[in-house]
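First to last, the sequence lines map onto chains D and E.
Taking the working numbering, the leading residue of the first sequence gets 1, the next gets one more, and so forth.
Taking the working numbering, the leading residue of the second sequence gets 214, the next gets one more, and so forth.
Note that beta-carbon positions come from the ideal geometry of N, C-alpha and C, so glycine has one too.
Down below is the structure, laid out as structure tokens.
2 protein chains.
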Amino acid sequence: MTHYSSSDLKNMERFYRGNLINSVTGYKSANLLATRSINGIDNLSIFSSVTHLGSDPAMFTFIQRPLGHGVGHTYQNLKETGVITLNHIQLDLVNKAHQSSAKYPESTSEFEALNIEKISRDGIQAPFVKMAAIQVAATYESEYFLKENNCILVLCKITDIFFNEGIQSEDGWLNLEKAGSIAVNGLDGYATGTVQKRLRYARVGDDISEIEL
Amino acid sequence: MTHYSSSDLKNMERFYRGNLINSVTGYKSANLLATRSINGIDNLSIFSSVTHLGSDPAMFTFIQRPLGHGVGHTYQNLKETGVITLNHIQLDLVNKAHQSSAKYPESTSEFEALNIEKISRDGIQAPFVKMAAIQVAATYESEYFLKENNCILVLCKITDIFFNEGIQSEDGWLNLEKAGSIAVNGLDGYATGTVQKRLRYARVGDDISEIEL
Chain D
1 MTHYSSSDLK NMERFYRGNL INSVTGYKSA NLLATRSING IDNLSIFSSV THLGSDPAMF
61 TFIQRPLGHG VGHTYQNLKE TGVITLNHIQ LDLVNKAHQS SAKYPESTSE FEALNIEKIS
121 RDGIQAPFVK MAAIQVAATY ESEYFLKENN CILVLCKITD IFFNEGIQSE DGWLNLEKAG
181 SIAVNGLDGY ATGTVQKRLR YARVGDDISE IEL
Chain E
214 MTHYSSSDLK NMERFYRGNL INSVTGYKSA NLLATRSING IDNLSIFSSV THLGSDPAMF
274 TFIQRPLGHG VGHTYQNLKE TGVITLNHIQ LDLVNKAHQS SAKYPESTSE FEALNIEKIS
334 RDGIQAPFVK MAAIQVAATY ESEYFLKENN CILVLCKITD IFFNEGIQSE DGWLNLEKAG
394 SIAVNGLDGY ATGTVQKRLR YARVGDDISE IEL
């Protein structure tokens, strides 16, 4: 096997290290987070750090990179309005979604700059990505400043879930392959998924058995 | 689209809600975290909450569920020894990896109970999963108690990376499809990935262009 030690990592060229380290934790979620500024500008940005955090209360987290230099419109809007939406990315939206990571000025809506269709819903003060098969609305819950690298872990509480017909199982589970959801590989790789199996809750001594898809 | 509101979520049957909420954030990483107790018992457990956290210093996080009732051997060992390994899961390891989530007693090594072959490496006080195509060693860095649901965000610093030949690009990126790495869909679904494309760093005004795979 190829081996990189601590000192190899430390001395690595910066982009090479970024590509490597962002790959070694495995596939990541691909989500477009949408917010509306207090001036009415709709912001959209791709995040690969969204993680589930319990289901009662239903929450998710994302990691905000160190602020400044045009970074952090999503975070700023969320703090000011308290509302955010999470929208899954399908293959035919990948190019535009990736381009949303460019540093557009605060006065520019990525929906307009990238020609991504949005929808509004009553009572939710942030837009949704119309073509997303799974859409979630959430509110700001709290945050933790991670002093180790000046990032912020942001906690959001899920208030509403919308999804296309035909992707949910009888037991509540959503089939992400049927939803066409993409996964992120590293900083810039995009993968489709093929669901291979579901397995029943594991107990010591029980045989491993599958749940019908 | 199907719509669930806050009150729908609140009143949902517990397992139905768990299946739904664990699906709506998208695909998750699938990793076996391995530790060695101070009594020499090797622990192995599947986690779907591992997230990258910067590349200089190279870190990752995982979320430790509320402790107690036989939960938390990974966390306990990591705190006591300071060392942990992260091992990717391929399709032919999924059943055993899933079964590692059962509550084996502290005195039982999941490596032995599940017949998963391990390897040791000089200077690293935690075992690795031999058949994992990507293996990472890390040390305990710090933690944040998330009071919103009594979970712990654990930060680990990457010290060593090992991976099979043939999966790395010239620019450092690891191809997770070639590694055979699995993604998690919800609580109990397992998906393989197909890398569709890589895209160049996005800049305002630039055309979107692909990086050769």
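According to DSSP, D/Gly68 shares a beta bridge with D/Val71.
For D/Met59, the closest alpha carbon among the candidates E/Asn377, E/Ser333 and E/Ser219 is that of E/Ser219. When rounded, the separation of the alpha-carbon atoms in D/Cys151 and D/Tyr75 is 12 Å.
D/Ala132 sits close to D/Ile89, with the two beta carbons spaced by under 9 Å. Listed along the chain, the chain E residues whose CB falls inside 7 Å of the CB of D/Ser101 are Ala415. Among the CB atoms of chain E, one or more fall inside 9 Å of the CB of D/His88. At a cut-off of 4 residues, the continuous stretches assigned as alpha helix (DSSP H) that sit fully inside the segment 1–66 of chain D are 6–11 and 14–21.
For D/Val94, the enclosing alpha helix (DSSP H) covers residues Val94 to Gln99. Contact annotation: D/Thr35 and D/Thr81 have beta-carbon atoms nearer than 9 Å. A Cβ-Cβ distance of about 5 Å is found for the pair D/Arg198 and E/Asp401, placing them in contact under the 8 Å criterion. In the same chain as D/Ser100, and ignoring 5 residues on each side of it, the C-beta atoms closer than 7 Å to its own belong to Leu32, Leu44, Ser45, Ile46, Glu110 and Leu114, in chain order. Short of 6 Å from the beta carbon of D/Glu143, and not among the five residues preceding or following it, lie these beta carbons of its own chain, in chain order: Ile152 and Val154.
Contact annotation for D/Gln125 against chain E: no contact, minimum CB-CB distance about 15 Å [criterion: below 9 Å]. In this structure, D/Ala183 places its C-beta atom within 9 Å of the C-beta atom of E/Ala396. Listed along the chain, the chain D residues whose CB falls inside 7 Å of the CB of E/Cys364 are Leu53 and Gly54. Rounded to the nearest whole angstrom, the C-alpha separation of E/Ala404 and E/His216 is 26 Å. Boundaries of the beta strand (DSSP E) around E/Lys331: Lys331 to Arg334. Under the three-state reduction of DSSP output, E/Thr372 falls in the strand class.
A straight-line Cα-Cα distance of about 51 Å links E/Asn224 and D/Met12. E/Leu246 is outside the set of residues whose beta carbon lies under 9 Å from a beta carbon in chain D. A Cβ-Cβ distance of about 6 Å is found for the pair E/Ser242 and D/Tyr27, placing them in contact under the 8 Å criterion.
By the CB criterion at 9 Å, E/Met214 and D/Phe145 fall outside the cutoff.
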